[in-house]
Amino acid sequence: MPVTPSAVAVRGTPCWVSLTTHDLRRAQDFYAQVLGWTFRPGGLGEEFTVALTDGRPIAGVTALAADWQVSVAWTPYFAVASANDAAGRIRERGATIAVGPLRLGAGRVALAADRDGAVFGVWEGHTPAWAIGRGSAPVYLDLRTRDAFDATIFYAEVLDWASEEPGGVEVAYEHGEVLVRDGSQVVATVRGGVMEAAPDPHIRPRWHVQFPVEDVEKVAAAAIAAGGQATHLTPPADPAVVQALIRDPDGGLFTVTTG
């Protein structure tokens with residue numbers, strides 16, 4: 050992801066999201082029709098672009114490199130002090146490094162899958178001002194997993210969550226889910242299973258990226274017209290919030306939400 054001379058994000062915070070896809074042009078056409086995005090070069094190779102909404106950057110969209118053994122997916126990247134150290138901690142805890150760590154622009158990056166198979170990335174370097182939950186960036190991230198308690202321990206150990214350092218990431222278990230906070234801002238949730246219960250075998254672990262929209266029905270209809278799929282989700286605790294799960298033509302999943 051292109052970087053600007055901004056402060057390095059708090060360790061463990063989700064700093065940006067990116068879609069890896071087989072067909073970059075088809076992906077750009079789909080997201081332009083469905084979400085109104087435009088695109089510009091990202092400075093990290095010909096197959097990497099930055100998606101913009103109303104002229105503001107929101108995410109990366111890139112074609113899968115031939116040697117990247119990963120699937121089409123929207124992937125969150127978390128800020129770390131050292132990609133090498135984070136990769137080591139990931140392997141030590143029984144998870145997998147799929148790509149890297151390697152140099153990418155002005156930083157270093159690695160793609161991984163946690164112990165249940167949910168794909169995520171780690172990023173060492175400066176991060177954009179449009180971090181998760183701020184400005185035009187996604188509302189937040191939502192990890193659906195089989196065992197929220199075990200997943201939270203894994204990410205806390207890998208990403209230094211709940212390290213008790215001033216200004217660090219905080220986690221709290223509330224109303225059956227784990228909330229990840231950067232200051233007062235909730236930037237991610239972890240849910241799945243029940244504390245002290247057996248893991249749920251029916252859940253396919255995955256990080257879900259949520260994008261804010263004004264009209265979920267309009268976006269869902271546009272997604273279907275553009276060759277994708279749309280499934281309305283059960284509203285969360287707030288009945289005023291409307292959500293839908295969208296699958297793009299290449300298989301990338303994301304959520305649109307009114308709040």
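Those letters in the sequence shown? Residues 50 to 308, by this note's numbering. No residue lacks a Cβ here, since even glycine has one placed at the ideal position from N, Cα and C.
Under the Cβ criterion (8 Å, minimum of three pairs), the region 226 to 242 does not count as touching the region 73 to 88. Annotation: Trp65 to Val158 spans about 12 Å, alpha carbon to alpha carbon. It is roughly 38 Å from the alpha-carbon of Thr98 to the alpha-carbon of His224. Per the C-alpha coordinates, the member of Gln292, Asp209, Ala135, Ala269 positioned closest to Arg60 is Asp209.
Membership of Glu141 in the alpha helix (DSSP H) is indicated by the continuous run 132 to 141. Beta-carbon to beta-carbon, Val188 and Tyr126 are separated by about 17 Å, too far to satisfy the 8 Å threshold. A Cβ-Cβ distance of about 5 Å is found for the pair Trp256 and Leu192, placing them in contact under the 8 Å criterion. Burial is judged here by how many other beta carbons sit within 10 angstroms of a residue's own beta carbon; Gly109 has at least 16 and is buried. If you look at Arg296, you'll find it in the beta strand (DSSP E) that goes 292 to 296. Its chain contains Ala144, Thr145, Ala147, Val168, Phe169 as the residues whose beta carbon lies nearer than 8 Å to that of Ala162, once the 5 sequence neighbours on both sides are disregarded; these appear in chain order.
Nearest C-alpha to Ile139 among Phe203, Glu213, Ala128, Val258: Phe203. DSSP places Arg253 outside both helix and strand once states are collapsed to three, so it counts as coil. C-alpha of Glu96 to C-alpha of Arg75: approximately 13 Å in a straight line. The beta carbon of Val290 lies closer than 8 Å to those of Pro284, Thr306, Thr307, Gly308 in the same chain, with the five residues before and after it left out. Close CB contacts of Glu219 within its chain, under the 7 Å cut and outside five residues either way in sequence, are with Ala211, Arg230 (chain order). A distance of 8 Å or more separates the beta carbons of Val258 and Leu160. Burial is judged here by how many other beta carbons sit within 10 angstroms of a residue's own beta carbon; Glu141 has fewer than 16 and is exposed. Asp299 is a Cβ neighbour of Asp72, given a cutoff of 8 Å. When the beta-carbon positions are compared, Glu173 and Ala112 stay at least 8 Å from each other. Only exposed fits Asp103, as fewer than 16 other CB atoms lie within 10 angstroms of its CB. The Cβ atoms of Ala122 and Thr69 lie closer than 8 Å to each other. Following the DSSP letters along the chain, one finds Asp78 inside the alpha helix (DSSP H) bounded by residues 73 to 84.
A distance of 8 Å or more separates the beta carbons of Thr62 and Ala130.
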